[in-house]
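Here the protein sequences come in this chain order: A and B. Numbering-wise, the numbering used here puts 375 at position 305 of the first sequence, and it's gapless, one number per residue. Numbering-wise, the numbering used here puts 125 at position 121 of the second sequence, and it's gapless, one number per residue. By construction, the Cβ of each residue, glycine as well, lies at the ideal position given by its N, Cα and C atoms. Note sheet for the following structure.
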Amino acid sequence: MPWTPAARRGGSISIMDLEVSIGRLTLPNPILVASGTFGYAKESAGFVDFSKLGGIVPKTVTWEPRIGNRTPRIVETASGMLNAIGLDNDGIDHFLRVHLPYLRKLPTSIIANVAGRTVEEYAALVTRLNGAEGVDAIELNLSCPNVSCGIDFAINPESTERVISLARRETDKPLLAKLTPNVTSVAPIAQAAAAGGADGLTLINTVVGTAIDWRRRRPILANRIGGLSGPAIKPIALRIVMETAAKVDLPIIGVGGIGSIDDVMEFLVAGATAVQIGTANFYDPGLATRLVDELPGALAAIEENSVRRIIGTLERN
Amino acid sequence: MISQAGDVAIQESGVVMENVRIARGTYRLRIDLPNIAARILPGQFVMVRIAGRTDPLLARPFALYDTVDEAGTPRAVDIVYLVMGRGTQALSALSGGETLELWGPLGNTFPPELTEDQGRHLLILAGGIGQTPFVALIKELLGLRRYGIHQETGAGRVVNRPRKITVGYGVRSAEFLAGVDDFRATGIDLHITTEDGSAGQRGFVTRVLDEASTTSDPPTAVFACGPEPMLGAVSTLASEKGIPCWVSLETKMACGYGVCFSCVCPVNDVASEQGWDFRRVCIEGPVFPAETISWPNM
Ligand SMILES: Cc1cc2nc3c(=O)[nH]c(=O)nc-3n(C[C@H](O)[C@H](O)[C@H](O)COP(=O)(O)OP(=O)(O)OC[C@H]3O[C@@H](n4cnc5c(N)ncnc54)[C@H](O)[C@@H]3O)c2cc1C
Ligand SMILES: Cc1cc2nc3c(=O)[nH]c(=O)nc-3n(C[C@H](O)[C@H](O)[C@H](O)COP(=O)(O)O)c2cc1C
Ligand code: FES
Chain A
71 MPWTPAARRG
81 GSISIMDLEV
91 SIGRLTLPNP
101 ILVASGTFGY
111 AKESAGFVDF
121 SKLGGIVPKT
131 VTWEPRIGNR
141 TPRIVETASG
151 MLNAIGLDND
161 GIDHFLRVHL
171 PYLRKLPTSI
181 IANVAGRTVE
191 EYAALVTRLN
201 GAEGVDAIEL
211 NLSCPNVSCG
221 IDFAINPEST
231 ERVISLARRE
241 TDKPLLAKLT
251 PNVTSVAPIA
261 QAAAAGGADG
271 LTLINTVVGT
281 AIDWRRRRPI
291 LANRIGGLSG
301 PAIKPIALRI
311 VMETAAKVDL
321 PIIGVGGIGS
331 IDDVMEFLVA
341 GATAVQIGTA
351 NFYDPGLATR
361 LVDELPGALA
371 AIEENSVRRI
381 IGTLERN
Chain B
5 MISQAGDVAI
15 QESGVVMENV
25 RIARGTYRLR
35 IDLPNIAARI
45 LPGQFVMVRI
55 AGRTDPLLAR
65 PFALYDTVDE
75 AGTPRAVDIV
85 YLVMGRGTQA
95 LSALSGGETL
105 ELWGPLGNTF
115 PPELTEDQGR
125 HLLILAGGIG
135 QTPFVALIKE
145 LLGLRRYGIH
155 QETGAGRVVN
165 RPRKITVGYG
175 VRSAEFLAGV
185 DDFRATGIDL
195 HITTEDGSAG
205 QRGFVTRVLD
215 EASTTSDPPT
225 AVFACGPEPM
235 LGAVSTLASE
245 KGIPCWVSLE
255 TKMACGYGVC
265 FSCVCPVNDV
275 ASEQGWDFRR
285 VCIEGPVFPA
295 ETISWPNM
């Protein structure tokens, strides 16, 4: 039976068909907001029309509360930024008690995002979310580069498959695997995610990097290294989406440096079924909603009337 | 503590009306920004970004210096900034007519309703460019101007007028003094300090607190904004003297509205394992009661 989220459909967006499906998760349009860049949505109420969004991925939730890294947690770099927030969050109980009641009332899909320190912790988090009303899908953050105590599950196909298959047993909700670009090749890991039972892939998390204050001879971030995001990483994300789409038969949500409708269209053509807006929420809080408004015009410009018809239509040179 | 009109931050494009150098490396930027101007309160801030550029990528936070009326309604927002790095350098090159992207009003404010005891003598301590939140605040506290007035009802927030306001304004040297006439125009008692003695008294602005406490009319509340070491020193002094103190913090901000968790500062929290927790300065601040900050963990 097809599984439909509690999302209101964007019927007002003219005759254009913007709807997309990530496995059993159907979204009114392909424009979502990325984990860790949209808080728990409440903060954006004055900037964003929630009913227009394809979906919201709130900030990563862990089993226990985490205080996060010391400051500086961010530093601006050329057309980008490095962050080492360190999964600062109040834990799953707080998420279910405080954030979810707000999120579930919003007229859009909610894709909860979790990170565990162990395979068992991922499974336990998924179990808690499986019973939670208002969670339309679950994204497993397998790739946060800032958590020194955890293992980066998504650097290795075996651990990726294991964590996803265990999580899979705990829920019927659509399950997305968010992968790291910080590997030699994403494709084998994406294949492992498919074998483990993921419904879709979110590509990519941040690219590990650093910034240095040479006068003080110190790394700028308190954590020494951080994750690069923003326009600087778009070519990397686009390449990984293109390569993975060619090799793995799972829907992909493209993330990385998206800041304009052209960027959105590039990801869709490269093979992404949907996209997430990340760092751009920081420097242009109203962007995500505006992109939804601009999407029909971009489709019209290439004489298309449906998002689904352009996904993965990249030609070979 | 936010007025009916001022509670939701919005995004608004604004055209630069003027950008005037007012001291060494210091400019007053006036932006045509009617919607934010109508909502913002003294102590709050806005995020400012030059539209259409990805380098520098992020917006920069600036306190409200003052709003400017046209035909009796707020029309423009003034900010006063010191050139520090690439973002403020880019702002200093604006000459008028450019479009900026802003969002606000952001953050909380200094407490507008001091008790009668606290309001007997309010001492405001401004370190360097940390002076920017105070001209508008003084105008509001003295009833010279109102902010964040609800468009239909005309309601604004309640303020308790302090019996006396003194300002200590400290800079490195005289050429950095900005907006001194604006302070003087409010009629408050202004004490200037410079590190090199080129204007006012030589030394740090904290000496104004030290000296005022030994008079017959000692401060009964302190509001402070400036570099972190200054705020730490002011907090320690105020606590030794038993004077309630509020500080406005500056931390690195990417979003300014609570979604990135980059701007945190350590706040005492008995409920948390380590006795303190990181809180977002852009949402829970920038103003904090000094004793709530976990200074050793800054
Ligand atoms: C709530 C708030 C209100 C502020 N109000 C004002 C104001 O009214 N006028 C004003 O001139 N400045 C204000 N600031 C500080 C201002 O935002 C920074 O000076 C500015 O972001 C520097 O940008 P830049 O690109 O020029 O410098 P960058 O190249 O980003 O940095 C240059 C130097 O400035 C330091 N710096 C960067 N950001 C900050 C920051 N947020 N606080 C302190 N130091 C920083 C860096 O560590 C570096 O040493 C405020 C900051 C906050 C958080
Ligand atoms: C400050 C910051 C915090 C982030 N926090 C998370 C997080 O908690 N969980 C997660 O899965 N991804 C997190 N990300 C990664 C983003 O969701 C996204 O994958 C990445 O930034 C690339 O997209 P962008 O270039 O559009 O930002 C974070 C990114 C940034 C910049
Ligand atoms: S600046 Fe982004 S959360 Fe405070």
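query	result
Where do the N-terminal and C-terminal ends of the alpha helix (DSSP H) with GLY91 (chain B) fall, by residue?	90–96
For TRP299 (chain B), which three-state DSSP category applies?	helix
Select from B:ARG34, B:THR58, B:LEU110, B:ILE40 the residue whose C-alpha is nearest the C-alpha of ASP82 (chain B).	B:ARG34
Rounded to the nearest angstrom, how far is the Cβ of GLY111 (chain B) from that of CYS286 (chain B), given a contact under 8 Å?	6 Å
Taking the beta carbon of LEU148 (chain B) as the centre, do at least 16 other beta carbons fall within 10 Å, making it buried, or is it exposed?	exposed
Using three-state DSSP, classify SER218 (chain A) as helix, strand or coil.	Confidence in SER218 (chain A) is poor, its pLDDT being 47 and thus under 50, which makes the residue's placement unreliable; the coordinate value appears in the next sentence. The answer is coil: DSSP assigns SER218 (chain A) none of H, G, I, E or B.
Run down chain A in chain order and give the residues with a C-beta less than 7 Å from the C-beta of GLY262 (chain B).	GLY109, GLU113
Below 8 Å between beta carbons: does that hold for VAL175 (chain B) and LEU194 (chain B)?	no
Report the neighbours of ASP288 (chain B) on chain A: residues whose CB is nearer than 9 Å to its CB, in chain order.	According to the sequence provided, residue 288 (chain B) is Glu. The question's Asp does not apply to it. Those within 9 Å of GLU288 (chain B) in chain A number zero; the least Cβ separation is about 12 Å.
Would you say the beta carbon of TYR85 (chain B) is closer than 7 Å to some non-hydrogen atom of ligand 1?	yes
Residues of the stretch 127–140 of chain A with a CB closer than 7 Å to any CB of chain B: list them in chain order, please.	ILE137, GLY138
Grouping DSSP H, G and I as helix and E and B as strand, with all else coil, what is GLU2 (chain B)?	Nothing about residue 2 (chain B) can be reported from this structure: the residues present for chain B run from 5 to 302 only.
Between CYS249 (chain B) and chain A, is there a C-beta pair that is closer than 8 Å?	no
According to DSSP, is ASP354 (chain A) helix, strand or coil?	coil
Taking 8 Å as the threshold, find out whether the stretch 282–299 of chain A comes into contact with the stretch 264–272 of chain A through three or more Cβ pairs.	no
For the beta strand (DSSP E) that contains GLU89 (chain A), what are its first and last residues?	That residue, GLU89 (chain A), is in no beta strand (DSSP E); it is neither H nor E in DSSP.
Which residues in chain A sit within 7 Å of GLN48 (chain B), going by Cβ to Cβ distance?	Result: empty, since nearest Cβ-Cβ is about 14 Å, beyond 7 Å.
Which partner residues does ASN272 (chain B) have in the DSSP bridge list?	B:TRP280
Does the beta carbon of ARG176 (chain B) sit closer than 8 Å to a beta carbon anywhere in chain A?	no
Please state the DSSP three-state secondary structure of ILE133 (chain B).	helix
Chain B partners of TYR391 (chain A), CB-CB under 9 Å?	With chain A represented from 71 up to 387, any question about residue 391 (chain A) goes unanswered, as that position is not in the structure.
To the nearest angstrom, how far is it from the Cα of PHE180 (chain B) to the Cα of GLU199 (chain B)?	11 Å
Just to confirm the assignment, what range does the alpha helix (DSSP H) spanning GLU199 (chain B) have?	Careful: GLU199 (chain B) lies outside any alpha helix (DSSP H) and carries neither H nor E.
Would a check of beta-carbon distances place MET151 (chain A) closer than 8 Å to chain B?	yes
How far does the alpha helix (DSSP H) with PRO109 (chain B) in it extend, from its first residue to its last?	Careful: PRO109 (chain B) lies outside any alpha helix (DSSP H), inside the beta strand (DSSP E) at 103–110.
For the stretch 280–309 of chain A, enumerate the residues whose C-beta is nearer than 7 Å to any C-beta of chain B, in chain order.	GLY300, PRO301
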